[in-house]
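To start, the structure itself, in structure tokens.
Residue numbers (the working numbering), protein chains in the order written: chain A, 1 to 462; chain B, 463 to 889.
Following this line, the structure appears as structure tokens:
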């Protein structure tokens with residue numbers, strides 16, 4: 001527990017209304033969007049400037065108090081849970097968009113800006129920041145960078161690291177460091193901005209972010225392809241890509257997902273279909289029309305039972321609403337949801353889908369399968385109940401086997417959610433031991449007292 | 463007290479409590495979170511606190527009650543919830559369980575349990591306050607005054623309209639028949655609500671005139687009381703809420719339609735079955751009662767189905783630019799969105815401009831704005847910005863509670879915009 005004099009010091013730094021220490025407030029910062037983990041912090045601090053962040057870290061570093069950076073708390077790998085107690089450093093009050101430069105196509109934002117707010121402001125200027133994690137209504141930019149977030153659009157446009165030009169990071173000792181810059185090309189030394197992108201809050205606290213922007217594509221077209229067989233839908237993805245077409249999104253929803261979405265929000269989805277692919281082409285109007293036709297043609301040839309081209313934006317929005325409804329559809333379906341985000345090479349998707357079906361049968365657990373199939377990033381979720389020890393045990397075994405399968409197919413543990421707490425027990429299987437050692441050494445250099453988000457990414461030695 | 467009885471009301475909404483998946487999407491649309499940026503402001507946080515309460519990790523402390531109170535029940539969280547969890551219901555239930563365990567604190571206990579259920583006495587108290595208002599408070603703007611001593615203890619300097627010298631139900635007969643030559647098509651009971659009765663009686667008279675002119679016989683039962691919204695929804699006092707509900711059910715037992723000009727009242731009356739029905743008799747009576755209740759615009763469009771020609775602009779509205787504010791209780795609680803717009807857009811010689819986020823909460827929320835006036839003002843200011851951006855001369859709505867908040871917001875922001883009830887746009 002933190003001493004009261006310490007809380008007084010924090011109040012001096014950020015003002016008393018920005019330090020929360022009541023049991024109620026601490027409870028409200030003990031979780032994020034991950035289902036199976038929670039831990040109470042000792043105090044919550046909501047700074048508004050980099051200088052305040054620096055002072056907080058200096059104080060924490062001197063007394064070796066754990067600091068867990070947190071934004072909107074939408075993390076699904078446990079990254080923002082203060083597993084060691086200490087301080088939750090919450091950035092939600094650092095929520096200013098500092099600059100939008102249309103001529104250089106960059107923006108500078110504070111870490112607490114909510115992605116959707118950022119998108120709204122950009123859209124008004126005809127600008128576009130492609131990474132679109134499905135938590136966009138709640139996630140903050142600091143988290144988007146610290147988790148190197150992805151989303152459906154990443155198939156064509158890449159993930160957050162492809163857009164991070166520069167960062168201001170407060171180091172564990174309180175030093176405010178600027179790295180990267182305003183240019184798309186920058187070959188000045190090591191790519192340190194990349195090191196902090198995806199660092200899950202373990203190396204520093206991100207306080208300013210310079211992002212590369214794109215012009216908003218003027219047109220888009222949405223296509224829905226319906227399949228009788230999940231694996232055939234999986235094969236269709238490779239056919240599209242190998243035919244030289246890169247849609248902006250290819251999303252996969254299984255029969256369970258289709259039915260569950262319909263149950264929550266009826267929108268006339270084909271509930272009898274075994275799988276559906278939701279695709280989008282974007283760009284210049286004429287190119288989009290031609291590409292959409294080509295996609296529809298390939299889908300048909302690859303065995304789609306039905307194809308719908310959205311006739312207007314309203315219909316497209318309706319279909320994409322189905323996709324964004326998946327998150328709620330899955331997570332509200334059981335008391336405990338082990339939701340994963342493995343990624344496999346795209347030509348291995350049909351095999352992965354088949355394995356998931358087998359694993360589901362073998363352990364007698366329901367495994368909805370939804371994902372950004374176009375980039376091989378799938379979200380199999382095992383529905384279970386933590387209170388039912390036996391079922392939960394089987395669910396964990398099923399999950400382990402899903403990971404094994406993904407790795408054996410040449411895939412990775414996490415496409416976009418990060419390792420956090422959820423996946424650290426698999427890290428040794430997924431990474432070269434020397435690489436893990438190097439990560440720990442880097443952590444040791446930047447954070448010698450191990451105060452920044454301790455207990456995350458790798459398992460601690462017993 | 464056993465867990466079952468200690469959390470009796472919360473347990474009834476356990477599926478909502480469990481349904482929350484902690485995704486945090488509610489942060490985006492929560493008017494309170496958008497001002498405070500603190501987790502305990504938002505549905506996810508409040509729901510987690512209530513879960514901790516049930517687990518025995520938290521108690522009904524003053525701080526806990528504060529988190530329960532600090533919610534406008536606007537339902538924006540539910541509207542945007544991917545899991546469709548109705549956390550505001552859990553919050554109301556938790557307020558109710560707290561009241562059962564801890565009681566209502568002073569001075570609210572006097573108001574909720576004593577004043578509101580005794581309509582005549584309440585009226586006289588308000589009148590008494592209005593005399594003081596005349597003596598002590600200078601007129602601020604037109605007939606808007608700072609609310610005087612009795613209510614200002616609650617109102618904290620808010621600009622609110624003057625208490626009317628004569629209340630609605632003292633000036634209109636119980637039965638109001640259509641004028642000679644107009645055939646009676648339908649008979650309705652008019653639930654006048656406290657605000658229309660005490661503060662906006664002219665609105666009530668206007669509504670009665672409009673309806674009777676269009677062939678509606680309007681009954682204004684003398685025995686009706688407060689809808690109970692501040693009592694059972696705001697304060698969580700279900701026991702007193704039931705007394706009020708029983709009174710209203712009885713007062714309107716002989717009509718088939720009950721109309722209300724107040725979104726909050728309409729919604730509260732329709733909430734009786736959900737929150738207050740505790741016996742088989744009440745389950746039946748409240749359900750039957752709730753089915754009869756209609757918002758005024760919903761009644762005009764869906765039941766009365768007046769021809770467009772019946773909607774003519776009032777003198778005040780003629781030639782004006784009008785925008786519409788959706789009361790939360792109308793748009794989200796009752797799903798009534800198109801009917802008021804249809805009416806406004808049918809009125810000739812008036813221009814309708816939709817404001818941005820028209821359904822965003824204005825921050826009034828009854829008791830909420832009494833507890834948290836500073837916060838309530840900040841929420842209102844966002845609404846006023848949206849109103850300003852339309853350049854409208856009139857902002858119309860259909861909730862006297864919202865009207866008071868909008869009037870206060872307009873004055874504080876030095877805006878010339880006029881706040882009117884939708885029915886006041888009609889001749």
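Glycine residues also receive a C-beta, built at the ideal position from the N, C-alpha and C atoms.
Between B:674, B:737 and B:499, which has its C-alpha nearest residue 139 (chain A)'s C-alpha?
Residue 139 (chain A) sits at position 139 when you count from the first residue of the first chain. It is B:499.
For residue 851 (chain B), report the span of its alpha helix (DSSP H) as first-last.
On the second chain, position 389 is the one that residue 851 (chain B) refers to. Run containing residue 851 (chain B): 835-852, per the alpha helix (DSSP H) assignment.
Within the 7 Å Cβ cut-off, does residue 776 (chain B) reach chain E?
In summary, chain E is missing from the structure at hand, where the protein chains are A and B.
Tell me, which residues are paired with residue 888 (chain B) by DSSP?
Counting from 1 along the second chain, the entry for residue 888 (chain B) is found at position 426. For residue 888 (chain B), which the question treats as bridged, DSSP gives the partners B:775.
Going by Cα to Cα distance, which pick from A:298, A:165 and A:27 is closest to residue 525 (chain B)?
As a working mapping, residue 525 (chain B) is identified with position 63 in the second chain. Checked all of A:298, A:165 and A:27; the closest Cα to residue 525 (chain B) is A:27.
Please go through the same chain and pick out, in chain order, the residues whose beta-carbon is closer than 8 Å to the beta-carbon of residue 774 (chain B), but skip the five residues on each side of it.
Looking up residue 774 (chain B) in the second chain gives position 312. Excluding positions up to five away in sequence, the list reads 809, 810, 888 and 889.
CB residue 116 (chain A) to CB residue 136 (chain A), shorter than 7 Å?
Locating residue 116 (chain A) in the first chain gives position 116, counting from the first residue. Locating residue 136 (chain A) in the first chain gives position 136, counting from the first residue. Yes, these two residues count as a Cβ contact at 7 Å.
Are residue 337 (chain A) and residue 383 (chain A) closer than 7 Å when you measure CB to CB?
By 1-based counting over the first chain, the position of residue 337 (chain A) is 337. By 1-based counting over the first chain, the position of residue 383 (chain A) is 383. In contact: residue 337 (chain A) and residue 383 (chain A) (Cβ atoms closer than 7 Å).
Cα separation between residue 83 (chain A) and residue 424 (chain A)?
Locating residue 83 (chain A) in the first chain gives position 83, counting from the first residue. Locating residue 424 (chain A) in the first chain gives position 424, counting from the first residue. Straight-line Cα distance between these residues: approximately 13 Å.
Would residue 694 (chain B) count as contacting chain A if we go by Cβ distances under 7 Å?
Counting from 1 along the second chain, the entry for residue 694 (chain B) is found at position 232. Taking Cβ atoms only, chain A never reaches closer than 7 Å to residue 694 (chain B), which makes this a no.
Checking contacts by CB at 7 Å: is residue 790 (chain B) closer than that to chain A?
Here residue 790 (chain B) refers to the residue found at position 328 when the second chain is read from its first residue. No, residue 790 (chain B) lies away from the interface with chain A (no Cβ there is under 7 Å from its Cβ).
Please list the partners that residue 116 (chain A) has in chain B, where partner means a Cβ-to-Cβ separation under 8 Å.
By one-based count along the first chain, residue 116 (chain A) stands at place 116. Here the neighbours are 490.
Taking C-alpha atoms, which residue in A:152, A:242 and A:173 lies nearest to residue 251 (chain A)?
For the purposes of this step, residue 251 (chain A) is identified with residue 251 of the first chain, where counting begins at 1. The candidate whose alpha carbon is nearest that of residue 251 (chain A) is A:152.
Answer yes or no: does any C-beta atom of chain B fall closer than 7 Å to that of residue 74 (chain A)?
For this step, residue 74 (chain A) is matched to residue 74 along the first chain. Interface residue, yes.
Taking just the CA atoms, how far does residue 307 (chain A) sit from residue 300 (chain A)?
Residue 300 (chain A) sits at position 300 when you count from the first residue of the first chain. Residue 307 (chain A) sits at position 307 when you count from the first residue of the first chain. One C-alpha to the other measures close to 7 Å.
Taking only beta-carbon positions, decide if residue 128 (chain A) is within less than 7 Å of chain B.
By one-based count along the first chain, residue 128 (chain A) stands at place 128. Cβ-Cβ to chain B under 7 Å: no for residue 128 (chain A).
Relative to chain A, which residues along the stretch 527-552 of chain B have a C-beta separation below 9 Å, given in chain order?
Answer set for the stretch 527-552 of chain B: 528, 529, 542, 543, 544, 545, 546 and 547.
For chain B, check one thing: does any of its Cβ atoms lie closer than 7 Å to the Cβ of residue 327 (chain A)?
Walking along the first chain from the start, residue 327 (chain A) turns up at place 327. Residue 327 (chain A) counts as touching chain B.
Kindly identify the DSSP beta-bridge partner or partners of residue 765 (chain B).
The residue given as residue 765 (chain B) occupies position 303 in the second chain. Its beta-bridge partners do not exist; DSSP assigns none.
Cβ atoms of residue 269 (chain A) and residue 233 (chain A): under 7 Å apart, would you say?
The residue you call residue 233 (chain A) lines up with position 233 of the first chain. The residue you call residue 269 (chain A) lines up with position 269 of the first chain. Result no, Cβ atoms of residue 233 (chain A) and residue 269 (chain A) do not sit closer than 7 Å.
Can you list, in chain order, the residues of the stretch 476-490 of chain B whose Cβ is nearer than 9 Å to any Cβ on chain A?
Shown in chain order are the members of the stretch 476-490 of chain B whose Cβ falls below 9 Å from a Cβ of chain A: 480, 481, 482, 483, 484, 485, 486, 487, 488, 489 and 490.
Express the C-alpha separation of residue 634 (chain B) and residue 607 (chain B) in angstroms, rounding to a whole number.
Residue 607 (chain B) sits at position 145 when you count from the first residue of the second chain. Residue 634 (chain B) sits at position 172 when you count from the first residue of the second chain. Reliability fails at residue 607 (chain B), whose pLDDT of 39 lies under 50, so the model's placement of it is uncertain and the value that follows must be treated cautiously. So the two alpha carbons sit approximately 26 Å from each other.
In this structure, does DSSP put residue 813 (chain B) in helix, strand or coil?
Working through the second chain from its first residue, we reach residue 813 (chain B) at position 351. In the structure shown, residue 813 (chain B) sits in a strand (DSSP, three-state: E or B).
Would a check of beta-carbon distances place residue 797 (chain B) closer than 7 Å to chain A?
For the purposes of this step, residue 797 (chain B) is taken as residue 335 along the second chain, with counting starting at 1. Chain A contact via Cβ: absent.
Below 8 Å on the Cβ atoms is my contact criterion, and I expect residue 147 (chain A) with residue 207 (chain A) to pass it. Report the Cβ-Cβ distance as a whole number of Å.
Stepping through the first chain from its first residue, residue 147 (chain A) is reached at position 147. Stepping through the first chain from its first residue, residue 207 (chain A) is reached at position 207. Not confirmed; about 16 Å, so no contact.
Going by Cα to Cα distance, which pick from B:479, B:842, B:705 and B:881 is closest to residue 827 (chain B)?
Taking the first residue of the second chain as 1, we reach residue 827 (chain B) at position 365. Checking every option, the nearest Cα to that of residue 827 (chain B) belongs to B:842.
With C-beta atoms as the reference, is residue 703 (chain B) less than 7 Å away from residue 557 (chain B)?
On the second chain, residue 703 (chain B) is found 241 positions in, with the first residue counted as 1. On the second chain, residue 557 (chain B) is found 95 positions in, with the first residue counted as 1. No.
Return yes when at least one heavy atom of the ligand ATP lies under 6 Å from the C-beta of residue 208 (chain A), else no.
With respect to the ligand ATP, the structure shown offers nothing to examine, as it has no ligands at all.
Using the C-alpha atoms, what's the distance from residue 109 (chain A) back to residue 172 (chain A)?
In the first chain, the residue the question calls residue 172 (chain A) occupies position 172. In the first chain, the residue the question calls residue 109 (chain A) occupies position 109. When rounded, the distance between both Cα atoms is 21 Å.
Does the stretch 650-661 of chain B come within contact of the stretch 547-555 of chain B, defined as at least 3 CB pairs closer than 8 Å?
no
Find the residues of chain B that neighbour residue 321 (chain A), judging by a C-beta separation of less than 9 Å, and give them in chain order.
Working through the first chain from its first residue, we reach residue 321 (chain A) at position 321. None at all; the shortest Cβ gap to chain B is about 10 Å.
Which residue comes first and which comes last in the beta strand (DSSP E) that contains residue 786 (chain B)?
Along the second chain, read from residue 1 onward, the residue named residue 786 (chain B) stands at position 324. Residues 783-786.
Would you verify that the beta carbon of residue 497 (chain B) is, or is not, closer than 7 Å to some beta carbon of chain A?
For the purposes of this step, residue 497 (chain B) is identified with residue 35 of the second chain, where counting begins at 1. Not one chain A Cβ lies under 7 Å of residue 497 (chain B).
So residue 87 (chain A) and residue 31 (chain A) are supposed to be a Cβ contact under 8 Å. How far apart are they, rounded?
Within the first chain, the letter at position 87 stands for residue 87 (chain A). Within the first chain, the letter at position 31 stands for residue 31 (chain A). About 16 Å separates the two Cβ atoms, so there is no contact after all.
Have a look at residue 610 (chain B) and residue 623 (chain B) and give me their C-alpha separation to the nearest angstrom.
Counting from one through the second chain, the residue named residue 610 (chain B) turns up at place 148. Counting from one through the second chain, the residue named residue 623 (chain B) turns up at place 161. Unreliable positioning characterises residue 610 (chain B) in this predicted model, as indicated by a pLDDT of 38, which lies under 50. The coordinate reading is nonetheless provided below. Those two C-alpha atoms are separated by around 11 Å.
Is any beta-carbon of chain B found at less than 7 Å from that of residue 331 (chain A)?
Residue numbering aside, residue 331 (chain A) sits at position 331 when the first chain is read from its first letter. Yes, residue 331 (chain A) lies at the interface with chain B (some Cβ there is under 7 Å from its Cβ).
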